[in-house]
Amino acid sequence: MIIKYLSIPPPDFTFYFLFPKRIISMNRTIKLITLSLVCLVVFSQCQDDSGIIVKMGIEDYSSSEQKVIGDNLHKFIQDKKSDHIILTKNQNYGPAYDFVEKVFTQAVRTEGVTHLDFYNWSVHILVNDEFKNAFILPGGHLYIYTGLLKFIKTDAELFAVLTREIALADLGTVGKFLGEEHGASQMGDVLLKNPDADEVGIIKTLEQIPYDPEVTEAIDLYSIELACLNYNFDDQAIVDLINRSANKEIEWFATRPGYENRSQKIIGLTTECFSSSSNQEAYEVQVIRNLP
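See the structure below:
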């Protein structure tokens with residue numbers, strides 16, 4: 002049986018956000034009927050006369066909807082409903098947080114970030130030295146593990162990692178990825194804060210399921226553009242990370258698999274860019290020494 006995808010506009014849930022009191026005032030029966038009709042009409046599969054199943058474009062969420070989905074997932078983590086351990090920004094870990102936030106802000110505010118003033122960009126540190134990974138939610142909330150922060154050696158390498166995560170959110174790639182992996186019903190549950198929403202499973206997908214190599218190449222190009230526009234960081238730092246990760250189990254690279262001649266292509270694309278040297282000492286003093 003052949004499956005084809007239609008590029009049709011995603012459902013507009015503006016009504017639910019602009020008029021919450023009206024929704025609340027509806028009795029339970031009407032709400033259930035309304036949501037059932039939405040699911041039936043918007044998310045169902047249809048079959049045409051040829052026997053071909055036409056699957057709705059479930060992964061094509063608007064920027065507004067991706068923002069809401071990401072904010073809801075972010076709140077789920079911040080409310081400690083997942084098993085993540087969030088590093089508290091206090092006097093012991095403040096310098097590390099300040100450094101990471103500074104580099105993140107520089108990256109987000111570089112010319113070329115489309116959703117700079119629309120998404121709720123933020124960066125957070127998770128405690129797990131054994132897990133060398135990072136992930137970003139739709140809408141710009143980025144989480145990075147202490148394991149990856151300790152594997153990174155310079156501010157430029159940190160910039161290289163953060164900008165590739167920023168690319169996933171800014172280009173809408175992470176929203177599309179989750180839509181393809183979990184389908185419209187599960188993503189709709191998160192969007193509408195349905196009690197049955199599988200936030201844990203969706204977040205695990207971001208941490209464990211790899212993107213396609215084509216995605217890695219796309220975020221490389223995005224990151225290179227930001228690096229070339231931002232004169233504070235060595236734009237070839239990602240190559241150092243790639244070389245150092247060889248024959249090691251680095252989850253961030255495993256979920257963002259490389260492509261043919263990746264390092265050579267990056268070097269070739271960045272040759273004409275002005276770049277400053279990486280600062281290893283500042284990263285060691287401010288970040289490594291101030292992590293648990």
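If you count by my numbering, then the sequence shown holds residues 2 to 293, one letter each, in order.
We put the beta carbon where it would ideally sit given N, CA and C, even for glycine.
Keep in mind the model is a prediction, meaning the values are calculated, not measured.
Length of the line joining the Cα atoms of residue i and residue j
{"i": "Asp-130", "j": "Pro-293", "result": "9 Å"}
{"i": "Val-101", "j": "Lys-76", "result": "21 Å"}
{"i": "Leu-270", "j": "Gly-189", "result": "40 Å"}
{"i": "Gln-287", "j": "Glu-112", "result": "26 Å"}
{"i": "Leu-157", "j": "Pro-196", "result": "The sequence given here has Ala at residue 157, not Leu. So the two alpha carbons sit approximately 41 Å from each other."}
{"i": "Lys-266", "j": "Gln-79", "result": "39 Å"}
{"i": "Thr-174", "j": "Gly-184", "result": "15 Å"}
{"i": "His-125", "j": "Asn-262", "result": "32 Å"}
{"i": "Ser-186", "j": "Gly-71", "result": "16 Å"}
{"i": "Glu-273", "j": "Leu-230", "result": "12 Å"}
{"i": "Leu-127", "j": "Tyr-94", "result": "12 Å"}
{"i": "Lys-133", "j": "Glu-218", "result": "21 Å"}
{"i": "Asp-221", "j": "Ile-167", "result": "11 Å"}
{"i": "Asn-244", "j": "Leu-74", "result": "33 Å"}
{"i": "Lys-151", "j": "Glu-200", "result": "28 Å"}
{"i": "Tyr-144", "j": "Asn-233", "result": "23 Å"}
{"i": "Val-216", "j": "Pro-258", "result": "9 Å"}
{"i": "Trp-122", "j": "Glu-282", "result": "27 Å"}
{"i": "Lys-81", "j": "Tyr-146", "result": "16 Å"}
{"i": "Gly-176", "j": "Leu-207", "result": "10 Å"}
{"i": "Pro-96", "j": "Lys-103", "result": "10 Å"}
{"i": "Glu-226", "j": "Glu-252", "result": "25 Å"}
{"i": "Asp-99", "j": "Leu-138", "result": "21 Å"}
{"i": "Thr-89", "j": "Ser-83", "result": "16 Å"}
{"i": "Leu-179", "j": "Asn-91", "result": "33 Å"}
{"i": "Val-191", "j": "Ser-64", "result": "15 Å"}
{"i": "Ala-296", "j": "Ile-153", "result": "Missing from the structure shown is residue 296; the chain here goes from 2 to 293 and no further."}
For residue i, the nearest candidate out of the options (CA to CA)
{"i": "Glu-66", "options": "Gly-140, Lys-76, Phe-77, Ile-86", "result": "Gly-140"}
{"i": "Phe-136", "options": "Gly-113, Gln-209, Asp-156", "result": "Gln-209"}
{"i": "Val-240", "options": "Thr-155, Val-69, Asn-121", "result": "Thr-155"}
{"i": "Lys-68", "options": "Asp-171, Lys-82, Arg-263, Tyr-98", "result": "Asp-171"}
{"i": "Val-109", "options": "Glu-200, Ala-228, Ile-251, Glu-282", "result": "Ala-228"}
{"i": "Gln-107", "options": "Thr-206, Gln-237, Ser-224", "result": "Ser-224"}
{"i": "Asn-264", "options": "Asp-236, Trp-253, Glu-285, Asn-91", "result": "Per the sequence shown, residue 264 should be read as Ser rather than Asn. The candidate whose alpha carbon is nearest that of Ser-264 is Asp-236."}
{"i": "Lys-205", "options": "Leu-192, Leu-193, Pro-214, Glu-182", "result": "Glu-182"}
{"i": "Ile-86", "options": "Lys-103, Gly-148, Leu-192, Tyr-260", "result": "Gly-148"}
{"i": "Leu-169", "options": "Lys-194, Val-191, His-142, Leu-192", "result": "His-142"}
{"i": "Phe-105", "options": "Tyr-120, Leu-159, Ile-153, Ser-64", "result": "Leu-159"}
Burial state of residue i, where buried means 16 or more other Cβ atoms lie within 10 Å
{"i": "Ala-255", "result": "exposed"}
{"i": "Thr-115", "result": "exposed"}
{"i": "Ile-268", "result": "exposed"}
{"i": "Asp-118", "result": "exposed"}
{"i": "Ala-1", "result": "The requested residue 1 is not part of the displayed model; the chain covers only 2 to 293."}
{"i": "Val-162", "result": "buried"}
{"i": "Arg-290", "result": "exposed"}
{"i": "Glu-250", "result": "exposed"}
{"i": "Arg-23", "result": "Its pLDDT being 38, under 50, Arg-23 is placed unreliably in this model, and the value from its coordinates should be taken loosely. Its Cβ having fewer than 16 others within 10 Å, Arg-23 is exposed."}
{"i": "Tyr-62", "result": "buried"}
{"i": "Gly-202", "result": "exposed"}
{"i": "Tyr-284", "result": "buried"}
{"i": "Thr-164", "result": "buried"}
{"i": "Tyr-260", "result": "exposed"}
{"i": "Ser-279", "result": "buried"}
According to DSSP, residues forming a beta bridge with residue i
{"i": "Ala-135", "result": "Ile-145"}
{"i": "Ser-123", "result": "His-142"}
{"i": "Ile-1", "result": "For the chain, the structure presents residues 2 to 293; residue 1 sits outside this window and is missing."}
Min CB distance residue i to chain B below 7 Å
{"i": "Leu-149", "result": "Considering every chain present, this structure includes no chain B. It has just one protein chain."}
**Prompt:** What are the uninterrupted segments assigned as alpha helix (DSSP H) that are 4 or more residues long and contained completely in the region 217 to 273, given in chain order?
**Reply:** 238 to 245, 252 to 255, 263 to 271
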